[in-house]
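Undergrad: First, the structure itself, so that you have it in front of you.
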Amino acid sequence: MPELPEVEVSRQGIAPYLTGQTINKIELRQPKLRWPIPAQVQLAVGEPVLAVRRRAKYLLIDTAPGSLIIHLGMSGALRVLPCEQAYLKHDHVIIELESGQSLRLNDPRRFGALLWQAPGDTLSVFAKLGPEPLTDAFDGERLYQLSRSRKSPVKTFIMDNAVVVGVGNIYATEALFAVGIDPRRAAGRISKARYRELAEAIKHTLGRAIVQGGTSLKDFTQADGKPGYFKQSLLAYGRAGESCVRCATPLQSVQLGQRTSVYCPGCQR
DNA sequence: ACGTGATCCTGGAAGC
DNA sequence: TGCTTCCAGGATCACG
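Residue 0 is where the first sequence starts when you use my numbering, and the numbers rise one by one after that.
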């Protein structure tokens, strides 16, 4: 999926088409995504979109009676296309707008979700999320404090949504490479100074990826169908066996918390 | 509280 | 060419 940069790029891409537009129709072509789609999503029909927001990897499409909550799972992508355009395979949700454009959620693996949140309500998926990585609420101090008794690998630690949201496998791999920290290192055995550097690297990596339109591997496209260009900037993710750009040591691959992690045994300590 | 592993699902790539 | 196996941007849940 889309990690935080891809979700933010999607938000920026779709917001101009949605904001202020009335929703004419919501068509559900596949009711079973990660969770069954609640019937209340139809409450948004006939309502103008007030705002398109993001929290962690969730998109929130606000209307007066409540918010449509979209998660893109591992393989989801949002496209804006004219209503009359033929459906593609795996176009599971189509939100038609009065403008004649439609927002389509395409998700081959169906790990994504469409949920509904009434005003004043907080869905359980939002209940125990950590801070947004691009805000001041996230810093090295927080990483240091939360990690003191943790034995799990630092990579697993920074991918924990209770610690900080939005850091997935690609950007965790890249940020650790950038600061030269071995992803296998126990989270509790890293100094405050190094955590300050890591927090800055996470912010920097995510920020650059957003500017470049995110990372497109297979499924992800921006709202206009174009891929993101950050893939060209990846120095570790997907490069096992290749030479490290810093020290030429062959990059290694290891499984941490069920996820493949690539690192340089030469300069990540 | 923390850590680990199974699980949801489809499709592309690699191996034989 | 075709079949099988493995792997993939996530995150919950059950269990020890």
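In this text, a Cβ means the ideal position worked out from N, Cα and C, and glycines have one as well.
When the Cα atoms are used, what is the spatial distance from leucine 145 to glycine 75?
TA: Their backbone Cα atoms lie some 31 Å apart in a straight line.
Undergrad: If contact is defined by three or more beta carbon pairs under 8 Å, each pair taking one atom from either stretch, is the region 155-164 in contact with the region 104-121?
TA: These segments do not touch.
Undergrad: What's the C-alpha gap between leucine 80 and glutamine 100?
TA: If you take the alpha carbons of leucine 80 and glutamine 100, they lie about 6 Å apart.
Undergrad: If we count Cβ pairs, one from each stretch, closer than 8 Å, do we get three or more for the region 175-194 versus the region 124-137?
TA: No, they do not touch.
Undergrad: Let me make sure I understand the geometry here. Which of Asp120, Ser252 and Val163 has the alpha-carbon closest to that of phenylalanine 137?
TA: The shortest Cα separation from phenylalanine 137 among Asp120, Ser252 and Val163 belongs to Val163.
Undergrad: Less than 8 Å separating the beta-carbons of alanine 239 and leucine 255?
TA: Against a cut-off of 8 Å, the Cβ pair of leucine 255 and alanine 239 comes out as no contact.
Undergrad: Any contact between the region 38-46 and the region 112-120? By contact I mean 3 or more CB pairs, one from each, below 8 Å.
TA: Touching, per the Cβ criterion.
Undergrad: Pull up the DSSP beta-bridge partners for valine 164, would you.
TA: Beta-bridge pairing links valine 164 to no other residue.
Undergrad: Taking DSSP's pairing of strands, which residues face glycine 65 in a bridge?
TA: The partner list for glycine 65 (beta bridge, DSSP) reads Thr62.
Undergrad: Counting beta carbon pairs with one atom in the region 48-60 and one in the region 185-205, are three or more of them shorter than 8 Å?
TA: Result no; under three Cβ-Cβ pairs closer than 8 Å.
Undergrad: Keeping to the same chain, check which residues put their C-beta closer than 7 Å to that of glutamate 7; ignore five residues upstream and five downstream.
TA: Hits under 7 Å: Arg53 and Ile209.
Undergrad: What residue range does the alpha helix (DSSP H) around isoleucine 209 cover?
TA: Element bounds for isoleucine 209: 191-210.
Undergrad: Counting only runs of 3+ residues fully inside the region 73-99, write out the beta strand (DSSP E) ranges in chain order.
TA: Those beta strand (DSSP E) runs which fall completely within the region 73-99 and span 3+ residues are 76-81 and 90-96.
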